[in-house]
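Colleague: For the sequence shown, this note's numbering gives the first residue as 9, with consecutive numbering after it. Quick one: the structure is below, questions incoming.
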Amino acid sequence: MGRQVIITGGGASGLAAAIAAAREGAQVTVLEHMDRVGKKILSTGNGRCNMTNLSLKAEHYRCSQKQFPMKVLDRFSVWDTLTFFDEIGIITKSRNGYIYPNSDQASSVLDSLRLEAERLGVRMETGCRVARLAQNGKKGFLAETDRGDFFGDRLILACGSKAAPKTGSDGSGYELARGFGHRIITPLPALVQLRCRGAFLKQLAGIRCDAVVKLASEGRILAADAGELQLTDYGVSGIPVFQVSRFASVALHEGRRVSVLIDFLPSKSMEETRQFLDQRQKRLGYREAGDFLTGVFSKKLAQVLLKEAGIPLSLPVSQIRPRQAGELAGLIKQFSMEVTAANSFDQAQVCCGGVDTREIRPDTLESRLVRGLYLTGELLDVDGVCGGYNLQWAWSTGITAGRCAGGTDQ
């Protein structure tokens, strides 16, 4: 008889761990408190499931131990991931390196994982809430649940983070890990929208534009990204905002003031923008200022920029003063808003923070504190940027932990 492996959590990393452990000959039981496994997988990639990314570098991950993520990913790479999914029937396709199932359906990824787990005899206990975990003797583990007690030789915590709690990530895994003595770095929303202060926000709501977004705090730039920005009635959203949002969450949690700086014309430098406005003023001097930026920005954005620069919309363009034009150029290149908060865990795709990775072995995902205990996925203090990196983290940690927990040589 193979080892008995208990896995708490049936998300991406938990299912990957279950398959890997079962392939090693282990008898695997997955304890999932939702009514079905893998709910969060269904929402990834807007329902299309961005499974991984062909460009996998250290800068795509954030962790208090900078080298930890790549040490893990070197054990199970993107190429290993593609092979793994090919073996269970998923044909993939690349969109500029972003990997999706050929079906463009996240449900097909979940179904393939579930079917492979079923083929291997993995026991799925859904609607099963874990009340307590403890060591059972010198080598084993006990899981007390509302479905009874479960015993295992090895235990894998794959409970997820606090992000998107409706899909099952309710943060309960942090307390389970803490129960084994692990330190938890405060989980905060990441890959999330930012709430800002500004009377003009209602007027800007609904605008989408290409921009460079920077976060600043106490006179220094925390992070920057470029792409399609979405302006809302409460603040800012869009991929570039998601990419930098975790730095805002951390700074605000530490009590620091944070500003978002938006460059609405990233194709031009500040000097080029000033020259552009000067030439435009000479050419379009007959217009009213309200139409000065027509053809450059959306009407709503143009009106806010002009108003903030102190330029009346009815003023003839020819009468815009050099100081006003300079102010307008500054606003176009660095429109500043104070960030008041990140949106809640309900809107976040992942969390920053989690179990301190200094207490985890990167080659096995085994706890350095408790032999036979493994931790995977979003439960750890690792968060990736948008683009399939967080799912790759789930596959890499899950497969590695499952292999090690299920194998007889560990």
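Glycine is no exception: its CB is placed at the ideal position from the N, C-alpha and C atoms.
Going along the chain, which residues of its own chain have a beta-carbon closer than 8 Å to the beta-carbon of Ile-192, five neighbours each way excluded?
Modeller: Residue mapping note: residue 192 aligns to position 184 of the sequence shown, counting from 1. Result list for Ile-192: Tyr-182, Ala-185, Arg-186, Gly-361, Gly-362, Val-363 and Asp-364, in chain order.
Colleague: Comparing C-alpha positions only, which one of Phe-188, Ser-21, Ile-15 and Gly-10 sits nearest to Tyr-397?
Modeller: Translated into positions along the sequence shown, residue 397 becomes position 389. Minimum Cα distance to Tyr-397 is reached at Ser-21.
Colleague: Nearest to Lys-146 by alpha carbon, out of Cys-136, Arg-162 and Glu-152?
Modeller: Against the sequence shown, residue 146 aligns to sequence position 138. Closest by alpha carbon: Arg-162.
Colleague: Mind reading off the beta-carbon distance from Ala-232 to Val-220? Whole number of angstroms is fine, and I expect it under 8 Å.
Modeller: Reading the sequence shown from its first residue, position 224 is the one you call residue 232. Reading the sequence shown from its first residue, position 212 is the one you call residue 220. Contact flag correct, Cβ pair sits at about 6 Å.
Colleague: Any chance you could list the beta strand (DSSP E) runs of at least 3 consecutive residues sitting entirely within the stretch 108 to 173, in chain order?
Modeller: Listed in chain order, they are 131 to 134, 138 to 144, 148 to 153, 156 to 160 and 162 to 165.
Colleague: With a 10 Å radius around its C-beta and 16 neighbouring C-beta atoms as the bar for buried, classify Gly-17 as buried or exposed.
Modeller: Working through the sequence shown from its first residue, we reach residue 17 at position 9. Classification of Gly-17: buried, given that the 10 Å Cβ count is 16 or more.
Colleague: Using only alpha-carbon positions, find the residue among Arg-203, Leu-121 and Val-252 that is nearest to Ala-350.
Modeller: For the purposes of this step, residue 350 is taken as the residue at position 342 of the sequence shown. Nearest option by C-alpha distance: Arg-203.
Colleague: DSSP puts Ser-225 in a beta bridge; with which residues?
Modeller: The residue you call residue 225 lines up with position 217 of the sequence shown. Per DSSP, Arg-228.
Colleague: If you pair each beta-carbon of the stretch 331 to 345 with each one of the stretch 111 to 119, do three or more pairs fall below 8 Å?
Modeller: These segments do not touch.
Colleague: Thinking just about the alpha-carbon of each residue, which of Gly-129, Ile-49, Lys-101 and Ser-120 is nearest to the one in Ala-34?
Modeller: Sequence index remark: in the sequence shown, residue 34 carries index 26 (1-based). Nearest C-alpha to Ala-34: Gly-129.
Colleague: What are the boundary residues of the beta strand (DSSP E) that Arg-205 is part of?
Modeller: Within the sequence shown, the letter at position 197 stands for residue 205. That run of the beta strand (DSSP E) goes 202 to 205.
Colleague: Just the C-alpha distance for Arg-205 and Thr-348, rounded to the nearest angstrom, thanks.
Modeller: In the sequence shown, residue 205 corresponds to position 197, counting from 1. In the sequence shown, residue 348 corresponds to position 340, counting from 1. Between Arg-205 and Thr-348, the C-alpha separation is close to 7 Å.
Colleague: Can you give me the C-alpha to C-alpha distance between Thr-416 and Val-36, rounded to a whole angstrom?
Modeller: Your numbering for residue 416 matches position 408 in the sequence shown. Your numbering for residue 36 matches position 28 in the sequence shown. One C-alpha to the other measures close to 14 Å.
Colleague: Once you ignore the five residues that flank Val-435 on each side, which residues in its own chain have a CB closer than 8 Å to its CB?
Modeller: Here the chain comprises residues numbered 9 to 418, so residue 435 is not present and cannot be evaluated.
Colleague: CB-CB under 7 Å to Phe-284, same chain, minus the five flanking residues each way: which ones, in chain order?
Modeller: Working through the sequence shown from its first residue, we reach residue 284 at position 276. Taken in chain order, the residues that qualify are Lys-276.
Colleague: Using CA coordinates, which residue listed in Asp-299, Asn-61, Phe-158 and Val-249 is at the minimum distance from Arg-103?
Modeller: To locate residue 103, count along the sequence shown from 1; it is residue 95. Among Asp-299, Asn-61, Phe-158 and Val-249, the Cα nearest to that of Arg-103 is on Asn-61.
Colleague: Do Thr-281 and Arg-83 have their C-beta atoms closer together than 7 Å?
Modeller: Residue numbering aside, residue 281 sits at position 273 when the sequence shown is read from its first letter. Residue numbering aside, residue 83 sits at position 75 when the sequence shown is read from its first letter. No, these two residues do not count as a Cβ contact at 7 Å.
Colleague: Cβ atoms of Ser-120 and Gly-97: under 7 Å apart, would you say?
Modeller: In the sequence shown, counting from the first residue as 1, residue 97 sits at position 89. In the sequence shown, counting from the first residue as 1, residue 120 sits at position 112. Cβ atoms of Gly-97 and Ser-120: closer than 7 Å.
Colleague: Check whether the Cβ atoms of Gly-263 and Ala-24 lie closer than 7 Å to each other.
Modeller: To locate residue 263, count along the sequence shown from 1; it is residue 255. To locate residue 24, count along the sequence shown from 1; it is residue 16. No, they are not a contact pair.
Colleague: Going by Cα to Cα distance, which pick from Arg-379, Ile-328 and Leu-313 is closest to Ala-207?
Modeller: Residue numbering aside, residue 207 sits at position 199 when the sequence shown is read from its first letter. When each option's Cα is compared against that of Ala-207, the closest is Leu-313.
Colleague: Among all the DSSP beta bridges, which residues are the ones paired with Thr-37?
Modeller: Numbered from its first residue, the sequence shown carries residue 37 at position 29. In DSSP, Thr-37 forms a bridge with Ile-14 and Arg-131.
Colleague: For Val-304, tell me which candidate among Cys-217, Leu-381 and Gln-238 has the shortest Cα-Cα distance.
Modeller: Walking along the sequence shown from the start, residue 304 turns up at place 296. Among Cys-217, Leu-381 and Gln-238, the Cα nearest to that of Val-304 belongs to Cys-217.
Colleague: Tell me whether Ser-257 is buried or exposed, calling it buried when 16 or more other Cβ atoms sit within 10 Å of its Cβ.
Modeller: What you label residue 257 is simply residue 249 of the sequence shown in a count that begins at 1. Its Cβ being crowded by 16 or more others within 10 Å, Ser-257 is buried.
Colleague: In angstroms with no decimal places, state the Cα-to-Cα distance between Lys-74 and Glu-67.
Modeller: Indexing the sequence shown from 1 puts residue 74 at position 66. Indexing the sequence shown from 1 puts residue 67 at position 59. So the alpha carbons of these two residues sit roughly 9 Å apart.
Colleague: Counting contacts by CB-CB distance shorter than 7 Å, is Arg-137 in contact with chain D?
Modeller: The structure shown contains no chain D; it holds only a single protein chain.
Colleague: First and last residue of the alpha helix (DSSP H) that includes Phe-284?
Modeller: Position 276 of the sequence shown, counted from the first residue, corresponds to residue 284. Per DSSP, Phe-284 belongs to the alpha helix (DSSP H) from 278 to 291.
Colleague: Between which two residues does the alpha helix (DSSP H) holding Asp-94 run?
Modeller: The residue you call residue 94 lines up with position 86 of the sequence shown. 86 to 95 is the extent of the alpha helix (DSSP H) around Asp-94.
Colleague: Where do the ends of the alpha helix (DSSP H) carrying Leu-184 lie?
Modeller: Position 176 of the sequence shown, counted from the start, is the residue given in the question as residue 184. Residues 180 to 186.
Colleague: Straight-line CA distance for Ala-224 to Phe-250?
Modeller: Taking the first residue of the sequence shown as position 1, residue 224 is located at position 216. Taking the first residue of the sequence shown as position 1, residue 250 is located at position 242. So the two alpha carbons sit approximately 15 Å from each other.
Colleague: Roughly how many angstroms lie between the CA atoms of Asp-241 and Lys-308, to the nearest whole one?
Modeller: Walking along the sequence shown from the start, residue 241 turns up at place 233. Walking along the sequence shown from the start, residue 308 turns up at place 300. Between Asp-241 and Lys-308, the C-alpha separation is close to 13 Å.
Colleague: Going by beta-carbon coordinates alone, are Leu-321 and Gly-298 separated by less than 7 Å?
Modeller: Counting from one through the sequence shown, the residue named residue 321 turns up at place 313. Counting from one through the sequence shown, the residue named residue 298 turns up at place 290. Taking 7 Å as the Cβ cut-off, Leu-321 and Gly-298 qualify as a contacting pair.
Colleague: Would the beta-carbon of Leu-64 fall within 7 Å of that of Val-86?
Modeller: Within the sequence shown, numbered from 1, the residue matching residue 64 stands at position 56. Within the sequence shown, numbered from 1, the residue matching residue 86 stands at position 78. Yes, these two residues count as a Cβ contact at 7 Å.
Colleague: How many Å lie between Ala-259 and His-190 at the Cα?
Modeller: Locating residue 259 in the sequence shown gives position 251, counting from the first residue. Locating residue 190 in the sequence shown gives position 182, counting from the first residue. Taking the straight line joining both Cα atoms gives about 24 Å.
Colleague: If you reduce the DSSP assignment to three classes, tell me which class Gln-418 lands in.
Modeller: Position 410 of the sequence shown, counted from the first residue, corresponds to residue 418. Any reading at Gln-418 needs caution, since the residue's pLDDT is 47, under 50, leaving its predicted position unreliable; the model's value is listed next. The answer is coil: DSSP assigns Gln-418 none of H, G, I, E or B.
Colleague: Could you please give the first and the last residue of the uninterrupted beta strand (DSSP E) stretch that includes Phe-343?
Modeller: Here residue 343 refers to the residue found at position 335 when the sequence shown is read from its first residue. Looking at the DSSP string, the run of the beta strand (DSSP E) that includes Phe-343 is 343 to 350.
Colleague: Please say whether Met-59 and Leu-399 have beta carbons closer to each other than 7 Å?
Modeller: To locate residue 399, count along the sequence shown from 1; it is residue 391. To locate residue 59, count along the sequence shown from 1; it is residue 51. Cβ distance < 7 Å, so Leu-399 and Met-59 count as in contact.
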